[in-house]
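Worksheet: one structure, shown below.
Number of protein chains: 2
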Amino acid sequence: MHNEESQAKYLKLKEYIKNEILMGRLKPGDQIPSENALAQMLSMSRNTVRKAISILVNEGYLYTEHGRGTYCRDRNINRKTSRNIGVITTYISEYIFPKVIQGIDSVLAQNKYSIILKNTGNDVEKEAAYIEELLDKDVEGLIIEPTKSALFSCNLKYYEALDRNNIPYVFIHGYYQQLENRSQIILDDEDGMYCAVNYLAELGHRNIVGIFKADDIQGVNRHKGYARALAKHDIPYDPGYVIWFHTEDRLTKPSYAVKSMISAGKPVDAISCYNDQIAFNIYELLRDLGKSVPEDISITGFDDSYLSVNCPVKLTTVRHPKEELGEIAAKVLLDMVADNDYLSNPVKKIIKPELIIRDSCAKR
Amino acid sequence: MHNEESQAKYLKLKEYIKNEILMGRLKPGDQIPSENALAQMLSMSRNTVRKAISILVNEGYLYTEHGRGTYCRDRNINRKTSRNIGVITTYISEYIFPKVIQGIDSVLAQNKYSIILKNTGNDVEKEAAYIEELLDKDVEGLIIEPTKSALFSCNLKYYEALDRNNIPYVFIHGYYQQLENRSQIILDDEDGMYCAVNYLAELGHRNIVGIFKADDIQGVNRHKGYARALAKHDIPYDPGYVIWFHTEDRLTKPSYAVKSMISAGKPVDAISCYNDQIAFNIYELLRDLGKSVPEDISITGFDDSYLSVNCPVKLTTVRHPKEELGEIAAKVLLDMVADNDYLSNPVKKIIKPELIIRDSCAKR
DNA sequence: CCGTATTTGTTCGTATGTATT
DNA sequence: CAATACATACGAACAAATACG
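Printed below as a string of structure tokens:
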């Protein structure tokens, strides 16, 4: 077999039909074209068509009636009792993930549900593949941390498939603009960063660098808070003080950009960072450059993670209610599972963060 | 079709083979004649033979191997194809858990398996409940971090149920003595602690405190390594220098015990800790007591976690191959899933740890 | 009720691809 | 490398169930 996709013809047809069903273009009870018609349309032999169909019959997507035709089966029957909830995260890291999943697990375990864990590594295609996989596994609901949520989601059709199959889902941390009217448990990222930058400005700092993640909505919103706080204090917004990084260059870009600024002699009073990881890296960079925190430069983190207390100079940061967020998401989802009309009642919780003042900021 | 039984040829062959298996004339592992051979013998086309075989493959009576042949499957219990693997951990914490699960996930995702995650909070009854739950959910295998593995397991019957149901499982980090001949991927805890204490002794320390967890087998084994290293250096074993703690008092007991020793004026040269978390706590205690590390007292950790590098004085510790361990466990489990006779071939991997020398130990 | 067209079900033959031994 | 075994694919014929005029 030497097809472009190096995939068997019958498998391609199988996937095609399966997709039509998942995407709702084929609804339960709908008749598919006859074997002969398909064979002619797709210029393959009837035998090959039959092979594809027989697999889908075996998997429960189709059923055949002798002399009548082949039809799409209603697969929603056993869905409601699996007592499994899918959790799709972007990263399984030491950072805030463990506490969030702890919160989710505590609520789900109490209600005798299990977590099916998937992580995308912030890869949009994996997100699509995993939603499809979980559709197959009959989960009763999903908790999803969106992948690259600042970008337009190309996986919209998969979310629509979830809607059609009556599988509720809750977004955490971020959401897609196209799916704004879905349930979501998020932090008020704008307000959080506003608090941090406002605090820096009140301490007398004027040249405040902002470091933000460009590819998720949290980064975009935190940047908004940064700009708003500057405006309040009549500090002109200078794009030269704003550093944007992406998932792919997260380990190099922020440090490199700050280093360039400082060695170019640009005045820097303070640096407000996208999160504690960045702040920790910036702290180490400044130390290596011979600058002391907070005497020479103040820095703020975000998330109130273990890093903010483990850092030699404890970081002033913005509280992220990690476990609580997981708990709320799980509770909201279970309510949606019980509610037949959940699509009309999306739940949006925007958690107000608070500033945690520690040792990494000083008066100017 | 006008056969005597008015039955399709392929159905007859199917029933015939199925009967041979049920009557025990075809035993698990036996090879059936090749498709061509059967076609010739029974004077039917190879296609018809294939149809019969494909049904039996689907029903789980046979399996085919490309290029080799078609074999009889061990079918005393219906081996499902849920493509789910249960993972039972003791804690979902920031500590080493995320990296271990990352390793597990990377291998399972590659093989299109999903993780069903359960955490016991080190509660033996929850362990039992979750094994039972996962039996219900048709997982194909389990990766289990044993709960309180130093104690005699009262959940033996649940593990026996797994055996009876042909659901393979792999222990990680520890194991139960009663289930010693099951697959297990563990660290050589004794050797690891031996290296650490040996290193301390070679630096000239004699009064070496050891802090160990009493309720898991890792603690017991690490204690053995501690004792062996002392013996090698002719340092008498003094129970007064050994601190045992349990899951429940892990946050208070070690610090309290060390504090008591020091305020009682007992000479302490070095402290070798059960893990980096304990070492980190002890570091903070010593700092608060005005002792400096490593000048006044040397300390060692265990696990090479983020804590050992985030600690203001970077900890000398023992390397724990967190991701690798997860990967190995997942690979071994998948091999067992494919092996009908996995119970006779337990895989035991004991990973040799190595000492990571950083800044928390000094010559006496 | 009959006949015809359509649709799925069964069977055969043939050819070629690919993995294993 | 050759032989063997399973995998994919095409084409053809006929059987059996159904739909419809």
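Protein chains in written order, with the working numbering: chain P, 1 to 364; chain E, 1001 to 1364.
The beta-carbon is built from N, C-alpha and C at its ideal position, and this holds for glycine as well.
Computed from a prediction, not measured in an experiment: that's the story for all the values here.
C-beta atoms of residue i and residue j nearer than 8 Å
i: E:Ile1328; j: E:Lys1314; result: no
i: E:Thr1316; j: E:Ile1356; result: yes
i: P:Cys273; j: P:Ile299; result: yes
i: P:Ile85; j: P:Ile55; result: no
i: E:Met1041; j: E:Pro1033; result: yes
i: P:Ile143; j: P:Val170; result: yes
i: E:Thr1070; j: E:Gln1007; result: no
i: P:Val57; j: P:Thr64; result: yes
i: E:Gly1141; j: E:Val1337; result: yes
Close beta carbons around residue i, own chain, < 6 Å, minus the five adjacent residues each side
i: E:Leu1026; result: Glu1020 and Cys1072
i: E:Val1347; result: Ser1183 and Val1332
i: P:Leu117; result: Val87
i: E:Val1107; result: Glu1327, Ala1330 and Lys1331
i: E:Tyr1113; result: Arg1083 and Ile1085
i: P:Asn192; result: The question names Asn, but residue 192 of chain P is Gly in the sequence shown. The answer, listed in chain order, is Val318 and Pro353.
i: E:Lys1363; result: Leu1203 and Gly1204
i: P:Lys253; result: Phe245
From the options, residue whose alpha carbon lies closest to that of residue i
i: E:Ala1150; options: E:Pro1312, E:Ile1299, E:Gly1219 and E:Tyr1226; result: E:Gly1219
i: P:Pro321; options: P:Asn345, P:Lys352 and P:Ile297; result: P:Lys352
i: P:Ile211; options: P:Asp276, P:Ala128 and P:Ala338; result: P:Asp276
i: E:Gly1029; options: E:Gly1060, E:Val1124 and E:Ser1260; result: E:Gly1060
i: P:Met261; options: P:His246, P:Phe245 and P:Tyr241; result: P:Tyr241
i: P:Tyr237; options: P:Phe245, P:Gly225 and P:Thr247; result: P:Gly225
i: E:Ala1161; options: E:His1223, E:Asn1119 and E:Asp1136; result: E:Asp1136
i: P:Glu324; options: P:Asp189, P:Arg46, P:Ile96 and P:Ser255; result: P:Ile96
i: P:Tyr175; options: P:Pro168, P:Cys195, P:Ser153 and P:Asn165; result: P:Ser153
i: E:Lys1012; options: E:Asp1074, E:Pro1312, E:Val1258 and E:Arg1050; result: E:Arg1050
i: E:Ser1292; options: E:Asp1341, E:Asp1269 and E:Val1309; result: E:Asp1269
i: P:Arg287; options: P:Val258, P:Leu38, P:Asp304 and P:Met44; result: P:Val258
i: P:Pro239; options: P:Lys126, P:His233 and P:Ala227; result: P:Ala227
i: P:Ile278; options: P:Ala109, P:Ser255 and P:Leu289; result: P:Ser255
i: E:Thr1247; options: E:Asp1216, E:Ala1109, E:Ile1101 and E:Gln1007; result: E:Asp1216
i: E:Phe1245; options: E:His1066, E:Lys1232, E:Val1309 and E:His1223; result: E:His1223
i: P:Pro312; options: E:Phe1302, E:Glu1284 and E:Asp1074; result: E:Glu1284
i: P:Leu251; options: P:Phe280, P:Ile167 and P:Ile185; result: P:Phe280
i: E:Ala1214; options: E:Asn1111, E:Leu1230 and E:Asn1122; result: E:Asn1122
i: E:Lys1157; options: E:Gly1141, E:Pro1168, E:Asp1138 and E:Glu1132; result: E:Glu1132
7 Å Cβ shell around residue i - same chain, five flanking residues per side excluded
i: P:Tyr159; result: Leu179
i: P:Leu343; result: Asp163
i: E:Gly1120; result: Here residue 1120 of chain E is Thr; the residue named in the question, Gly, does not match the sequence. Only Ile1088, Thr1090, Lys1126, Glu1127, Tyr1130 and Thr1147 meet the Cβ criterion.
Where residue i falls: helix, strand or coil (DSSP)
i: E:Ile1299; result: strand
i: P:Gly204; result: coil
i: E:Val1315; result: The sequence shown places Leu at residue 1315 of chain E, rather than the Val named in the question. Here E:Leu1315 sits in coil by DSSP.
i: P:Glu65; result: strand
i: E:Thr1089; result: strand
i: E:Glu1005; result: Note that E:Glu1005 has pLDDT 48, beneath the 50 cutoff, so the model's placement of it is unreliable and the number below is only indicative. Note: E:Glu1005 maps to coil in three-state DSSP.
i: E:Thr1120; result: coil
i: E:Ile1096; result: coil
i: P:Ser106; result: helix
i: P:Gly240; result: helix
i: E:Phe1171; result: strand
i: E:Ser1272; result: strand
i: E:Ser1114; result: strand
i: P:Asn340; result: coil
i: P:Thr70; result: strand
i: E:Gly1210; result: strand
Contact list for residue i against chain E, beta-carbon separation under 7 Å
i: P:Ser93; result: Pro1098
Own chain, CB closer than 8 Å to residue i, minus 5 neighbours either side, in chain order
i: E:Ile1235; result: Ala1201, Arg1206 and Ile1208
i: E:Cys1361; result: Tyr1199, Leu1200, Leu1203, Ala1270, Pro1294, Ser1298, Ile1299, Thr1300 and Thr1316
Residues that residue i contacts on chain P, provided the C-beta gap is smaller than 7 Å
i: E:Glu1190; result: Those do not exist, as E:Glu1190 stays about 27 Å from chain P at its closest Cβ, beyond 7 Å.
i: E:Asn1058; result: Asn58
Partners in chain P for residue i, counting only beta-carbon separations shorter than 9 Å
i: E:Asn1310; result: Phe280, Tyr306, Leu307, Asn310, Cys311 and Pro312
Interface residues of chain E facing residue i [CB-CB closer than 8 Å]
i: P:Ile101; result: Ile1092 and Leu1117
Partners in chain E for residue i, counting only beta-carbon separations shorter than 9 Å
i: P:Ser114; result: Gly1086, Ile1116, Leu1117, Lys1118, Tyr1130, Glu1133, Leu1134 and Lys1137
i: P:Asp105; result: Ile1092, Leu1117, Lys1118 and Asn1119
Any non-hydrogen atom of the ligand HEM closer than 7 Å to residue i Cβ
i: P:Glu324; result: Ligands displayed in this structure: none; no statement on the ligand HEM is therefore possible.
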